[in-house]
Amino acid sequence: MGKINIISAVLVGVILLTAPAALAIPAFARKTAFNCAMCHTAFPKLNDFGQRYRDWGYQLPGQEGTEKTVFDPAASPIALRTTPVFTLYNATQPDQGQGDVKGTTVGFNVAGLDLLAGGLLHKNISAFFVYTPRLDVPAAYGGANNATGPSQLGSLESANVVFSNIIYRALNVRAGRFEPAYWPISPRRSYFIFQPYEIYDFGGASALPYGDNQFGLEATGHFRCGFKYGLGVVNGNGGVADNNVNKDVYLNVLKIFGPGDGQSSGQAAGLFGYYGWQPTTFASPIVSPWGELDGGANKPVYRLGGDVSLNWQTLNLRALYLQGFDDMAFNAAAPTEDYKYSGGFAELDWATLANNKLVAAALYNWVTPPSSDESSTVASYAGLARYYLGDWKAVNVALHAEYAYRKTGKAGAVKENITGAAIDVAF
Amino acid sequence: MKKYFLLAGSMLVLCTGGAVPGSNPAPPVTSVDALGVGPQPLGPLPAVTAPATNPQDNAKILLGKQLYFDPRLSADGTVSCATCHSPAHGWSDKGPTSEGIKGQLGGRRAPPVSNAAYNPLQFWDGRAASLEEQAVGPIANPIEMGFTHDACVACLSGIPAYVDAFRDVFGTPYITIEQVGQAIAAYERTVVTTDSPFDRYAKGDNSALTPLEREGLEIFNGKGHCTSCHWGPNFSDGRFHNLGVPQTGPLATDDGRYAITKNSKDKGAFKTPTARDAGARPPYLHTGGEKTLEDVIRFYNKGGGKNANLEPLMVPLGLSEREIKALVAFIEQGLASLNAEVANEPGIPADQLPR
């Protein structure tokens with residue numbers, strides 16, 4: 000039972016710590032008086048219009064310079080999101096010589112609280128913030144107790160400034176902590192609360208949080224022909240202080256085919272690449288005022304892949320394939336081999352009823368680690384339904400039900416499933 | 000420690016008019032500056048206020064109405080303002096594009112006069128900054144009314160009852176084209192369509208809209224993306240957009256707003272008309288190319304037309320048949336004005352016009 004407790008505690012921790020940030024922005028809805036469905040296929044997933052709103056630096060596409068700024072008293076730039084959840088969690092773990100160990104937990108939790116602020120400061124200058132205050136530490140939590148762990152006081156999940164249309168649509172710049180633009184498929188706008196996109200944060204011991212928001216500087220462009228790019232220089236450690244002088248770089252490119260923006264109409268195909276370095280030694284105990292260490296002997300890590308988003312009526316099929324590489328220095332299981340892995344996911348979303356009040360989605364994740372680390376093999380299946388109540392201005396209340404099954408490892412696999420219900424509230 | 004303070008300090012530095020008496024409740028003319036405020040909530044129309052340079056009074060409004068319905072403002076005495084902006088056709092015409100003197104076809108459909116008082120700029124391309132300027136434009140357009148301003152004034156000056164009326168209203172012994180424009184504009188500021196089921200609903204009468212119309216309203220402001228342009232009390236942003244409308248009618252090409260601004264961004268862009276009473280004035284778009292409301296919603300549903308300068312606001316909507324039906328119901332019935340005296344203004348018969 001001890002192992003099961005740890006597994007369940009870790010799972011709860013994962014839910015609490017990785018709950019997708021609220022990127023449905025009621026503050027924007029209040030400012031524009033639009034219904035949330037203007038920008039979201041269903042909150043929090045962006046539709047084509049919402050994607051363009053983001054592309055334009057939180058301005059109406061093509062209408063820059065003609066909107067209220069955050070200084071307008073009628074456009075309060077603050078919003079909140081929280082998600083009370085109820086979960087039923089089952090796990091089965093083979094225990095050599097003792098048969099399977101089984102366990103069940105039932106619990107109420109809150110999958111995070113997000114304080115959001117964002118808006119236009121001036122024509123073509125905007126800012127965006129997401130602050131996630133501390134969540135109480137689960138009693139049995141056995142995970143990290145550091146800047147990413149639950150003992151943190153809070154996290155500035157997003158804090159960035161955007162300069163839009165510097166060279167018409169071809170150059171926009173974002174600085175601060177942000178989600179990289181044209182992220183293959185945004186983990187922060189997923190309908191799934193209990194089942195993450197596994198491949199993003201998989202890897203060896205490099206601790207590259209590929210799925211996390213990054214500190215850095217990014218240039219983006221979006222063109223009439225449907226081509227988009229996001230080119231960034233980032234620390235590469237997500238919300239944690241970086242520990243080496245090398246900065247990481249990424250390039251995401253996307254092409255839209257047909258009318259629309261590939262989110263809710265048209266078809267999109269993208270390629271992405273990320274190359275970075277992680278330290279393996281530390282020369283001295285020097286710590287900068289920002290918490291950085293002077294790591295050295297940096298070893299490379301990279302991620303490469305492609306993704307598609309295919310739309311037909313209100314069906315959206317999204318799939319992603321990623322190949323990961325971590326230098327052998329980060330391969331704890333087989334230190335003489337580079338840690339090479341692959342995986343991805345496929346997700347089918349369906350929205351129906353007036354203004355897409357009902358959403359159903361299915362998600363399959365797979366991860367294939369190197370043969371030296373077969374126990375990290377992942378296959379998971381998840382399905383959900385969400386129903387959005389009412390048509391209240393700048394308020395989202397969604398009733399959410401989700402089931403996820405996850406199998407980790409090959410021989411002697413750990414099998415888990417979670418049935419969750421949630422109320423997703425943002426206002 | 001000192002070094003750290005210095006470092007932290009460095010980083011901090013781095014980071015650091017009055018309502019019209021009688022007549023219809025009338026709105027203030029939205030100034031061009033209003034283009035800068037961005038989307039406004041849907042809601043009942045505010046009262047109109049007239050510009051200080053052209054205050055409203057009942058005599059002026061009556062004179063303007065007489066002029067509006069008088070075909071003698073055209074070169075051959077056959078076309079009045081009301082010919083193309085007819086109350087019977089939702090203050091537009093039967094289309095697809097408007098017909099002027101001698102059966103000449105205009106290149107665009109007549110935009111509605113109803114609620115034009117709320118438009119920051121007039122005409123499809125916004126070439127007139129006021130109703131006063133707009134009102135006299137068609138008189139001198141060779142395809143529309145085919146007169147010159149001087150000839151029009153001479154014609155009116157030969158009608159004693161008009162001479163008396165202009166003298167009473169403006170206090171001058173002669174008529175000017177500016178006065179003609181002011182009088183017509185004063186009348187047009189009373190052509191305000193209010194009291195639709197939506198207005199009643201917005202004021203708290205939940206039964207004013209049917210469930211289907213309420214659903215349509217929700218879609219109008221959400222998945223239908225209608226309010227990305229048709230926002231505010233007048234259901235119009237007063238701005239100019241290229242929807243990729245296929246060119247039809249007598250013009251081979253039409254640059255729209257670009258012809259005025261010479262800004263390439265405006266190429267093929269036309270002003271957003273009010274969606275109020277849209278059900279009363281088919282066909283739709285500036286070419287009249289879409290015959291029914293359902294047709295025009297289907298046009299938007301596919302993301303508009305193809306155009307190199309297509310407005311980035313235009314994206315396919317993914318509306319279902321049910322959602323299209325709900326949108327049509329909301330626009331057709333929910334936005335239909337119930338103030339019959341404006342929606343069905345009878346006009347002035349020729350034998351009752353000033354002599």
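So the sequences go chain by chain: A and B.
Going left to right, the first sequence walks through residues 0 to 426 as numbering that gives the first Met the number 0 numbers them.
Going left to right, the second sequence walks through residues 0 to 354 as numbering that gives the first Met the number 0 numbers them.
Glycine residues also receive a C-beta, built at the ideal position from the N, C-alpha and C atoms.
Keep in mind it's a predicted model, so treat the numbers as computed, not measured.
| query | result |
| --- | --- |
| L312/B touches chain A at which residues, Cβ-Cβ below 9 angstroms? | F48, R51, L59, P60, G61 and Q62 |
| Give the DSSP-derived three-state secondary structure of V366/A in the structure shown. | strand |
| For L250/A, which beta-bridge partners are listed by DSSP? | L230/A and G272/A |
| Who are the neighbours of V356/B on chain A, taking C-beta pairs under 9 angstroms? | Because chain B is modelled from 0 through 354, residue 356/B falls outside the range shown and cannot be assessed. |
| Mind checking P111/B: buried by the 16 CB within 10 Å criterion, or exposed? | buried |
| Does D350/B pass the burial test, meaning 16 or more other C-beta atoms within 10 Å, or should it be called exposed? | exposed |
| Would you check if the distance between the CB atom of P353/B and the CB atom of Y161/B is smaller than 8 angstroms? | yes |
| Spell out whether any CB of chain A is found under 8 angstroms from the CB atom of N114/B. | no |
| Tell me which residues of the region 259 to 287 of chain A have at least one Cβ-Cβ distance to chain B shorter than 8 angstroms, keeping chain order. | G259, D260, S263, S264, G265 and S287 |
| By alpha-carbon positions, which one of F127/A, K122/A and K101/A ends up nearest to D113/A? | F127/A |
| Which of the residues in the region 38 to 59 of chain B, read from start to end, lie with their CB under 8 angstroms from any CB of chain A? | P38, Q39, P40 and L41 |
| DSSP has T192/B in a bridge; who is on the other side? | Beta-bridge pairing links T192/B to no other residue. |
| Check distances from the C-beta atoms of the region 309 to 325 of chain A to those of chain B and list, in chain order, the residues that come in under 9 angstroms. | N310, Q312 and T313 |
| So, for N416/A: in the same chain, excluding its five sequence neighbours on each side, which residues have a beta-carbon less than 6 angstroms away from its beta-carbon? | N89 and Y404 |
| Flag F226/A as yes if its beta-carbon sits less than 8 angstroms from any beta-carbon of chain B, otherwise no. | no |
| Would DSSP call L62/B helix, strand or coil? | helix |
| May I have the straight-line CA-CA distance separating Q50/A from S75/A, to the nearest angstrom? | 22 angstroms |
| Evaluate the contact criterion for the region 246 to 254 of chain B versus the region 300 to 320 of chain B: three or more CB pairs, one atom per stretch, below 8 angstroms. | no |
| Would you list the one or two residues that DSSP bridges to A267/A? | I255/A and S308/A |
| Less than 8 angstroms separating the beta-carbons of A32/A and I77/A? | no |
| Specify, as a first and last residue, the run of the beta strand (DSSP E) that D113/A falls within. | G98 to H121 |
| Measuring straight from C-alpha to C-alpha, what distance separates D423/A and H399/A? | 7 angstroms |
| Counting contacts by CB-CB distance shorter than 8 angstroms, is T226/B in contact with chain A? | yes |
| Can you confirm whether the region 282 to 302 of chain A touches the region 313 to 330 of chain A when touching is taken to mean that 3 or more C-beta pairs between the two stretches lie within less than 8 angstroms? | yes |
| Go ahead and label N343/B buried or exposed: buried means 16 or more other beta carbons lie within 10 angstroms of its beta carbon, across all protein chains shown. | exposed |
| Any chance you could list the alpha helix (DSSP H) runs of at least 4 consecutive residues sitting entirely within the region 248 to 272 of chain B, in chain order? | 257 to 260 |
| According to DSSP, simplified to helix, strand and coil, what is P141/B? | coil |
| Using the C-alpha atoms, what's the distance from D348/A back to N123/A? | 33 angstroms |
| On the criterion of 16 or more Cβ atoms from any shown chain inside 10 Å, does E66/A qualify as buried, or is it exposed? | buried |
| On the DSSP letters alone, give me the boundaries of the alpha helix (DSSP H) that F429/A sits inside. | Residue 429/A cannot be examined here, being either before or after the span of chain A that is shown, 0 to 426. |
| Helix or strand or just coil, what does DSSP make of A403/A? | strand |
| Spell out whether any CB of chain A is found under 8 angstroms from the CB atom of P315/B. | yes |
| Of all the CB atoms in chain B, is at least one closer than 8 angstroms to the CB of A240/A? | no |
| So which residues on chain A does G333/B lean against when the C-beta distance must stay under 9 angstroms? | What G333/B touches in chain A: nothing, since even the nearest Cβ is about 14 angstroms away. |
| Taking just the CA atoms, how far does A318/A sit from F344/A? | 6 angstroms |
| Taking all protein chains shown into account, do 16 or more other C-beta atoms lie within 10 angstroms of the C-beta of I165/A, making it buried, or fewer, making it exposed? | exposed |
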